[in-house]
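Protein sequences, first through last, are from chains A and B.
Following full-length UniProt numbering, the numbering of the first sequence begins with 1 at its first residue and continues without gaps.
Following full-length UniProt numbering, the numbering of the second sequence begins with 1 at its first residue and continues without gaps.
All C-beta atoms, glycine included, are put in the ideal place defined by N, C-alpha and C.
Since the structure comes first, as structure tokens, the remarks are kept for the end.
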Amino acid sequence: MNSRASIGAVCGVILALVSSPSKADQTARVNGITDNTPSFVAFQNATIVMQPGQTVEHATLVIRNGLVEAVQRNNQAPQGARIIDATGFTIYPGFIDAYSDYGISKAVKPEHTDDTPLYNNHREGGNAANDAIHAQQQWFSEFETQPEQAKQYIEQGFTSVQTARQDGIFQGQAVTVSLANNIANDVIYRANSRQFGSFDKGSSRQQYPSSLMGSIALIRQTLSDADWYRQAQGKQYYDAAVEFNAALKALVDIDKQGMIFRVNDEKSLLRADKLFDQFGVPVSYVASGYEYDRIDAVQATNAALIVPLNFPAAPDVDGRYRAIDVDLAKLRHWERAPSNPAVIANAGMVFAFTLTGLEKPEQFWHNLRRAMPYGLSEKQALAALTTVPAKLAGIDDKAGKLVPGYKADFVISRGDIFQQGEIYSVWLQGQEHVIKSMDAVDFAGHYQWPWGSDQTAELTLKTSPSAELSLTINGEKWRTDKLQVQDQQTTWVAFAPNEQHDAWRLALLPDSKHQFTLELIDPQGQRQHVIASRKPLANEEPEQQPSKPTFVSKLTYPNRAFGLPQLPPRQNVVIRHATVWTATADGVLKDVDVYVENGRFSKIGKALSVPAGTQEIDAAGLHLTPGIIDEHSHIAIDGGVNEGSEAITSEVRIGDVVNPDDPHIYYSLAGGTTTAQLLHGSANPIGGQAQVIKLRWGATAEQMKFDAAPPSIKFALGENVKQSNWGDDYTVRYPQTRLGVETIMRDGFQQAIEYQQRKVEYQQLSSAERRKTAPPRPDQRLEALLDILNSKMFIHSHSYVASEILMLMNLAEEFGFRVNTFTHILEGYKVADEMAKHGASGSTFADWWAYKFEVYDAIPQNACLMQQRGVLTSINSDSEDLQRRLNTEAAKSVRYCGMSEHDALKMITINPAKQLHIDEHVGSIEVGKDADFVLWNHHPLSAYAQAQQTWINGRKYFDRDIDKQRQQQVAAEKNALIQKLLATPLEQRAGAEHGYKEAQPLWRCETEHDVWLHQAQHNQLMGAH
Amino acid sequence: MKSWKHLFSGLVLALAASTASAHDQVPGEKQQHPILLKGGTLHTVTQGVMVNTDLLFSGGEIIAMGNQLTLPDNTEVIDIQGQHVYPGLIAMDTTLGLNEIEAVRATRDSEEVGAIHPEVTAHVAFNADSEVIPTVRYNGVAYAQVVPQGQLVMGASSLMQLDGWNADDAIVRAKTGMHVQWPRTYVVDAWWEQRTPEQQREANAKALDTLKQVFVDAKAYYDAKQADQLNAVDVRWEAMLGLFDGSLPLYVHANDVRQLEQALDIAKEYGFQLVLVGAADAWRIKERLAKSQTPVIFEGLFGLPNHNDDGYDQAYRSAGELAAAGVNLALAYPGYWDTRNLAFGVGNAIAYGLNPDKALAMVTLKPAKLLGVGAQLGSLTVGKKASLIVSKGDIFDPLGQDLSAMFINGRKVTLQSRQTELYHKYQKRPE
């Protein structure tokens, strides 16, 4: 529990016990005097906003017993009601935050008793097998009113929140409560509201999941399990009765509960939406503030968004070189973040606002008012604070509007709250929470009164944003001090010019709205009164509707340096007089034309005739090769390359976490690479499923996927999987030797076979037997292993030494399938014959070695020896660096062992295409294949070759000349943004310190860290929740 | 008279045959008789490219270059018609001989504990029998500057020739410089960085203060020693004396422009002979560097953009841009096993604008001068050591590079390695 909140609560209790008569509640006895103060109130002369778009002027709001009784358009107050004059005030429905952790204690991270990794959680109360899943938690049972915490919300005009502990993946069912200072029994508006969730495993110490893709896989398995549990509850499983599982039971009706799911960025929003769509779970998202980056894709989810207003602090670009540390993407976000709500609104999306994410709640109105000029209407903004969150929090039948029968929850503001209005009072369940007295006199104005016989005193008093005054008597300015503006009086002390000691005490006292008495106590202590006349302050800065701000920044895809304004168009083009490296039996063709039509190679030959008007590229002196294909890449991945927690994680999918914003996509295009297999890392024997992408820079993650590629999966052998170099804490996971690597794989495949048998047996049951028998629980992990056994999913196995290569081939043969590709395979040359016989291909490094013991026998002639012995051989990168220059990596086989140049080129084009089973589409220059190609200014394997243009499916994604311009544009745009920032006053640069995306690491095969653990540390540091 | 012993150009095969049975490679024998490399293209560095020119060396030194040379008795003539001769490459900033297998702690001797260890010197732990060394020679590297690693003051480097029987035999020049890893100046927003920008800036400033204090203390020691006022020897400051009398250059390993500027300022304050190593951001201050003629060893030959907003090719073209601006430039490919890619890295710099005629000096004569051996090494010059390589094609291009011979001080050096042996072994495996 938050200690400040608990002290507040204790104080509240003491006050209640000592001094207050108690309000009778329905089940507790009153000890002492009963409080029966009536709660029948009428607010007269008010502007009443009943709901977004419906406002009545000069009307009366009547409330009684905690509910709205009437809105009287004739401004008549009922007999017997306490009347409050609300002249000059506007009344809005109370605001609702649909995403909060109010009144719920924070998660306590279990103490680290030792550093041994925890693979299985403690089981109690029918909990889930993973500590990040507490779907069964019903947060009303933990809810307690916390007046101090409530104040932060109430002061911004909020009257109710939907709340739960924001910890873990399935976080439990939230409760929607009033922020009123009443007991929980009275403030709970909806006990069982939405299920909260996130991808972050939170306080769980369990190893799994350690990555974003692991979290996604866990959600997929859990929702599948819930579906299974619905059918299986109470039945007999194959070896025992179906267990009681509270978490799954709680998720059985998740399609009716709905979820509120928090995401870190727009990419994860899209990921989550795809995931939950598959299970028909209705979800609303707690947005990141980056939705404008890809609003079309976000809009296509049709989901409701809960939008934070945590606009980031301006980055620090002062000084000589600090701007170097601030990239263009950051500067763009600084400029555009305040436009995000308007962009969402104008996309027609349903959205609500939340205080979540704000480092200081009092920034809320400041930020909302900053957001509005970008095109957010008052009606939209009000809906985002009332009717929409009411619906998201499941209380739209009782809150969010000021109509009869709804809760008497409302906000009273002087003036329009979306302009300059100020909140005076917030009413919760018919009880007032005073922020500022509604009776307070507005003292601002120009005052005049006579001074002596023939002189005049003049006073200018401002009250907002801060109180200031200036006093002039007979044209001379007096020094003033100790100004205090209170509800019913304003006082100060004044000194005549050049006077140090003789102090005058002055006070303004209101007689009526426009007439004031000035009280003076002269230096001798004599008190006098004069009439002061007041004139309103001239509007020095005439109030003008702020015009729509203009942007210096561009918006590109991805929204960072070198992003594209839109996807490049598909072009029909003829390339003339090129030296064409076909990567087919045709070899290298000199002075040849290639015609690209509708994204494919349509003709190849001398002096081709093409339709008139076809765009031509004169490629005389240039070399044209197929786009380079990388069998082993780890770029373009978000949230961890390894789900390295458990030994077998075949259920996780790189395809779930493709990161289309990674600049290495662009760098690789600039090196001629067009296709890459994004592989899971090598931290466990059976890793995750791979994803083949085309490097369509500017596209979304889904658009990058190369759908012709069949499923593939990463296996790994040797030092990494037996945790040889992980440190002394990592010595408990099975396996720790190459012996165990074989057996854990064997055990996995055996389980998959038995799982398949159970499915078959279940299918064969009679319908009567099925009524008693639970169906086999669909197991995503074993399903993937079955796909391998059935040769529907292909293995790419990280491997180095001869023995482990033989082991995996023998194991596969025993189970009746083939290992597709050994990757790294630095000792492939020792067992090339066996590989060729088995039918395994090899994808190797050109020359890496000596970085660990198992690569001490690596030789740069490996590719030649494998190729000579009949192994289909490719060169891969496993590196964001080498992926940019695979051409010269392939050339090393020419250097070290005399491979023919055309064969070397094949090692980075058609050979990897075959290994990925995409050679029907890509990998060579052949009629009918995808027009993925590179134009080089030099022999393509030479050190001196520079990619000039890189094309994918007839679209030009890289052009060196355009890149040169773009480099200048990036510099110019950055400079313009820096200029704008430097011209921004310091106070307007304030904002959220952690309002920017965190850079993704450069993932390597062996990068194994718990992204959630790291995120927790980062958030703690940044003071976030 | 003249005794012609005509060898065919298949020198590699001859050498291979002589060493194929050995597990390790035997260092070359001291030059026994004069050798003439006949008809090659000489990339002299100092006198341009001399096509179809003979080169004669004897007693470990180049004694003549030209045609129709008078040959001493007993001269071995090697016909290298169509091949290219270069000075043996000098690899700066390596851990060759200190590290064998990166992941195996027992085989790493490059980094001493603590942040400040100027007293350590690289050649002390140099393993002349490292299996890595012959693989690097294979690509034309004949000499390496071996550098202790560390977080701040790393220690002294030494220049080694890469064909020695042991560390003492391999050493060319001990203590070629004092190496400092310059404290971080920038702030990052990366997964491994758990500190706020403010905390990072504080830590950066503190690390710089620590380094400045090292210079203050070392200078105090130097001054006291000059005046014969020392209480006792301090091995740390003893190792740094040369910085203050100008006999020991200060190598600053740094990439960010702020680090480079701080290093320039502090070196100026103390009058250090500064060498900047790494220097990814050097292009940002190339005019200043050109003006000061501070030696820069640029290492990002295949570098990724150092900052998100830099062009994809910024690192590729930096060497060319620095050279064109007149910066006193050398090139390096730091590391140990991967240092064999040094020549290819130079090729990439040429592809992106480095003048090919100037490139060779940046991995030969420039490093030799920085290491204080410019009079003996780094070019094909009469009177200099016969440390040279013969390649069938352009050494900077993987399509051309194909060494047929390497000589260090006139000694024939084998180009075989553990890797070629494994290659030959498995070539022999019956199908």
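- For the 9 Å CB-CB criterion, Y290 of chain A and D253 of chain A do not form a contact.
- Contacts between P663 of chain A and chain B, judged by CB atoms closer than 7 Å, involve N308 in chain order.
- If one requires a minimum length of 3 residues, the beta strand (DSSP E) runs lying completely within the region 128–178 of chain B are 141–146, 153–161, in chain order.
- Judged by DSSP in its simplified three-state form, H58 of chain A adopts strand.
- Look at E61 of chain B: its C-beta is not under 9 Å from any C-beta on chain A.
- When the five nearest sequence neighbours on each side are left out, the beta carbons in the same chain lying within less than 6 Å of the beta carbon of R505 of chain A are those of V493, I521, in order along the chain.
- By the criterion of a C-beta distance shorter than 8 Å, Q615 of chain A is surrounded in its chain by Q571, N572, V573, V574, once the five residues flanking it on both sides are discounted.
- Here DSSP, grouped into helix, strand and coil, assigns P356 of chain B to helix.
- Cβ contact annotation for G898 of chain A (same chain, cutoff 6 Å, sequence separation greater than five): none.
- L786 of chain A counts as buried, since no fewer than 16 other beta carbons sit within 10 angstroms of its beta carbon.
- Any Cβ of chain B closer than 9 Å to the Cβ of V411 of chain A would place that residue at the interface, and such an atom is absent.
- For T463 of chain A, the closest alpha carbon among the candidates A:R479, A:D454, A:W451, A:V441 is that of A:V441.
- D857 of chain A belongs to the set of residues whose beta carbon lies under 9 Å from a beta carbon in chain B.
- Boundaries for T950 of chain A: no alpha helix (DSSP H) harbours it, while the beta strand (DSSP E) harbouring it runs 947–952, taken from the DSSP string.
- The continuous stretches of alpha helix (DSSP H) do not include W492 of chain A, which lies in the beta strand (DSSP E) extending over residues 490–495.
- Residues of chain A with a Cβ closer than 7 Å to the Cβ of D397 of chain B are, in chain order, S942, A943, Y944.
- Within chain A, no C-beta atom comes less than 8 Å from the C-beta of E112 of chain B; the nearest is roughly 21 Å away.
- For F443 of chain A, the closest C-alpha among the options A:G415, A:N31, A:L537 is that of A:L537.
- Using a Cβ-Cβ cut-off of 7 Å, P711 of chain A is close to nothing in chain B; its nearest Cβ partner there is about 29 Å away.
- Within chain B, the residues placing a beta-carbon under 7 Å from that of T888 of chain A are F344, P398, ordered along the chain.
- Among the residues of the region 223–249 of chain B, none has a Cβ less than 7 Å away from any Cβ of chain A.
- D200 of chain A carries a coil assignment under DSSP once its states are collapsed to helix, strand and coil.
- Contact between H84 of chain B and T41 of chain B holds, since their C-beta atoms are separated by about 5 Å, short of 8 Å.
- For N328 of chain B, the closest C-alpha among the options B:D313, B:G320, B:T294 is that of B:T294.
- Under DSSP, V592 of chain A shares a beta bridge with A:A578.
- Q946 of chain A is positioned such that its CB atom lies closer than 9 Å to that of A351 of chain B.
- For Q26 of chain A, the three-state secondary structure derived from DSSP is coil.
- Going by beta carbons, A144 of chain B and T339 of chain B fall inside the 9 Å limit.
- Look at S724 of chain A: its C-beta is under 9 Å from a C-beta on chain B.
- Contact annotation, A329 of chain A with N559 of chain A: C-beta distance approximately 6 Å; criterion of less than 8 Å satisfied.
- Taking C-beta separations shorter than 7 Å and ignoring five residues to either side along the sequence, the partners of M745 of chain A in its chain run P685, I686, L811, following chain order.
- Burial is judged here by how many other beta carbons sit within 10 angstroms of a residue's own beta carbon; Q969 of chain A has fewer than 16 and is exposed.
- With a beta-carbon spacing of about 6 Å, E631 of chain A and T823 of chain A fall inside the 8 Å limit used to define contacts.
- Proximity of G82 of chain B to chain A, defined by a Cβ-Cβ separation below 9 Å, is not satisfied.
- Interface with chain A (9 Å Cβ-Cβ cutoff): A351 of chain B is included.
- Two segments are said to touch when three or more pairs of C-beta atoms, one from each, lie closer than 8 Å; by this definition the region 655–663 of chain A does not touch the region 931–943 of chain A.
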